[in-house]
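Data first, discussion second: the structure below is written as structure tokens.
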Amino acid sequence: MADDAFTLHGALPLYEQVSILDARRHGDCALLPADAPYRFASAAPLIAVTIDEFDRAALDYPILFFAAEREAVIVTGLTADRNLFVAPDGSYAPGAYVPAYLRRHPFTLARREETGGNVICIDESSERLVPVGTPGAVALFDHGRPSDLVREAIGICNAVDAAEARTRAFVAMLDDLELLEPRQAYHSPPGGARTLVVEYDGVSRTKLDALEPAAFARLRAGGALAAIHAHLLSAGNWEVLPLWAAG
1 MADDAFTLHG ALPLYEQVSI LDARRHGDCA LLPADAPYRF ASAAPLIAVT IDEFDRAALD
61 YPILFFAAER EAVIVTGLTA DRNLFVAPDG SYAPGAYVPA YLRRHPFTLA RREETGGNVI
121 CIDESSERLV PVGTPGAVAL FDHGRPSDLV REAIGICNAV DAAEARTRAF VAMLDDLELL
181 EPRQAYHSPP GGARTLVVEY DGVSRTKLDA LEPAAFARLR AGGALAAIHA HLLSAGNWEV
241 LPLWAAG
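Going by my numbering, the first residue of the sequence shown is number 1, and it counts up by one from there.
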């Protein structure tokens, strides 16, 4: 098997050309500071989020689940091609929480098929990736070794990867306890037709209230109650998103 064979950790929306970060391939590459850091996410109405982020994300976005994929996402737009929180210049809405999925870009992790271990990767399509020597850019490698920039990115990616695993376990628990039910969200713009925004899974308050004591204790022991409450609280942001669209 080729040394560079790897498997990505699930689907990676917004990543277009992922490659293992390697001194032979990227030794002459550098990364520009992000003048327009989130332009790559300007057309993304859904962004993956981890359970570790629920408390903060719930203040700004609806938090939804996709049970089959064991995934949690935040809603950042009401149409298929617009993130309401990313300005035309690529900046993020002041004060709004920026999910870790966006902050780690253009880096991510993959599993090297030959060894089974994780390896740091980079999205080669990023407009921030430039040749070494470009004014203001930081080299990815220093004499063949990962630079401080890359070592910091590895730490961030490892933390996000661990949080994603906790999120999958959390959503699986909700599904196993039959707390999730299918839902649909719609948007009716002023003067426009009512359109479907997303089909998703949400926690049923009725089913949560009817849980047997043993099942409720399982949620409490797993630290899931706070995350469930954040999810339920976040539903109020469906009323706020149209205000972002109007603005």
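Here a beta-carbon is modelled for each residue, glycine too, at the ideal position from N, C-alpha and C.
Roughly how many angstroms separate the alpha carbons of glutamate 164 and isoleucine 74, rounded to a whole number?
Going from the Cα of glutamate 164 to the Cα of isoleucine 74 covers about 14 Å.
Taking 8 Å as the threshold, find out whether the segment 128-147 comes into contact with the segment 45-53 through three or more Cβ pairs.
Per the Cβ contact rule, the segment 128-147 is not in contact with the segment 45-53 (fewer than 3 Cβ pairs under 8 Å).
C-alpha distance - serine 188 paired with glycine 77, whole-angstrom precision:
Computed Cα separation, rounded: 13 Å.
Report the start-end ranges of each beta strand (DSSP E) in the segment 6-37 that is 3 residues or longer and not cut off at the edges.
Runs of the beta strand (DSSP E) inside the segment 6-37: 6-8, 18-20, 29-31.
Could you name the residues of the same chain whose beta carbon sits closer than 7 Å to that of aspartate 60, not counting the 5 residues immediately before and after it, in chain order?
Answer for aspartate 60: Ala96, Tyr97, Asn237, listed in chain order.
Under a three-way DSSP split, which group does tyrosine 186 fall into?
Strand.
Other residues of its chain near alanine 224: CB distance less than 7 Å, five sequence neighbours each side excluded:
Apart from sequence neighbours up to five positions away, the residues of its chain that approach alanine 224 with a beta-carbon distance below 7 Å are Phe170, Met173, ordered along the chain.
Near isoleucine 154, what residues of its chain come up, given a Cβ to Cβ distance below 6 Å and the 5 sequence neighbours on each side ignored?
Taken in chain order, the residues that qualify are Ile120.
For threonine 167, name the three-state secondary structure that DSSP assigns.
Here DSSP, grouped into helix, strand and coil, assigns threonine 167 to helix.
Measure the Cβ-Cβ separation of arginine 111 and valine 160 and say whether it is below 7 Å.
No, the Cβ-Cβ distance between arginine 111 and valine 160 is not below 7 Å.
Three-pair Cβ contact test at 8 Å for the segment 193-211 versus the segment 84-93
In short, these stretches do not touch, since the Cβ pair count stays below three.
Alanine 230, DSSP secondary structure in three states
Correct three-state label for alanine 230: helix.
Alpha helix (DSSP H) runs wholly inside the segment 39-63, at least 4 long, in chain order:
Here the runs fully enclosed are 54-57.
With a threshold of 16 other CB atoms inside 10 Å of the CB of arginine 128, please say whether the residue is buried or exposed.
Buried: at least 16 other Cβ atoms inside 10 Å.
Using CA atoms only, rank isn't needed, just tell me which of Pro182, Thr115, Ala226, Phe107 is closest to serine 19.
If we check each option's Cα against that of serine 19, Phe107 comes out closest.
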